Amino acid sequence: MMDSTVSQPNHKKLLILEAASKVVLAEGVNRLTLEAVALEAGISKGGLLYHYGTKDELIKAMNIRVMEQFRESINRELATGASYPKAYLLASLSSLQDTEYLNISTSLLAAISNNHAILDLWKEDYSQVKENFNHSQIRRELCLLIQATCDGLWFSRLFSMTHIDADEEQKIIMELLHQLEGEST
């Protein structure tokens, strides 16, 4: 049963985005076609085109959804009383452990490497992250270390360049959490 707080058009858009993610996971971003997404979503291609007129619009919406999911993860941690740097660390750890999220992110980043409009969305998002770090009560150097480490781990994983396994990633993040605890006391 559909949540009554989600409007019908928004429900359809979410259904389409979930279907597109499934196509990317199963077939890869090069096989992402409007036809494949419509088939996976169980709607007509015309129904899909009503919400997303082009493949580029769909990919843009998928990127926005990836950013929103990461912000939602940060907000869940903030709701527990965590500082922004701690929330960012914990959200990063969670995303590194979520294979599906990483696979979709990798495919989307590959698809947008030459799309400056979508890259600008990522830059905007990073600008907000920087602003949030700047407003925290944590030393600037530690905030920079946290952001650079999390981004490095994430991008290394995205592009399969890491020699750091998941256990080591967790230990690195736990060390940074330990340093944050030392800042708070």
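Just so we're aligned, residue 3 is where the sequence shown starts under this note's numbering, counting upward by one.
Beta carbons are placed, not taken as given, at the ideal position from N, Cα and C, and that holds for glycine.
For clarity, every value in this text was computed on a predicted model and none was experimentally measured.
Distance, residue j Cα to residue i Cα
| i | j | result |
| --- | --- | --- |
| alanine 238 | glutamate 29 | One cannot answer for residue 238 here, as it falls past the ends of the chain, which runs 3 to 187. |
| glutamate 42 | glutamate 185 | 49 Å |
| isoleucine 114 | serine 162 | 18 Å |
| asparagine 77 | asparagine 136 | 17 Å |
| isoleucine 148 | histidine 118 | 27 Å |
| leucine 60 | serine 46 | 15 Å |
| isoleucine 120 | lysine 57 | 13 Å |
| glutamine 181 | leucine 110 | 33 Å |
Candidates the options: closest to residue i by CA position
| i | options | result |
| --- | --- | --- |
| glutamate 79 | Arg33, Ala89, Gln71 | Ala89 |
| tyrosine 128 | Ile114, His180, Met69 | Met69 |
| threonine 151 | Asn32, Gln139, Ile166, Ser138 | Ile166 |
| tyrosine 52 | Asn77, Leu27, Lys15 | Lys15 |
| cysteine 145 | Glu133, Trp156, Asp58 | Glu133 |
| leucine 155 | Leu104, Asp122, Leu123 | Leu104 |
C-beta contact flag for residue i and residue j at 8 Å
| i | j | result |
| --- | --- | --- |
| threonine 82 | leucine 160 | no |
(request) Check whether the stretch 87–106 touches the stretch 10–21, counting contact only when three or more Cβ pairs, one atom from each stretch, lie closer than 8 Å. (result) no
(request) Decide if the stretch 18–33 is in contact with the stretch 56–72; the criterion is three or more beta carbon pairs, one per stretch, under 8 Å apart. (result) yes
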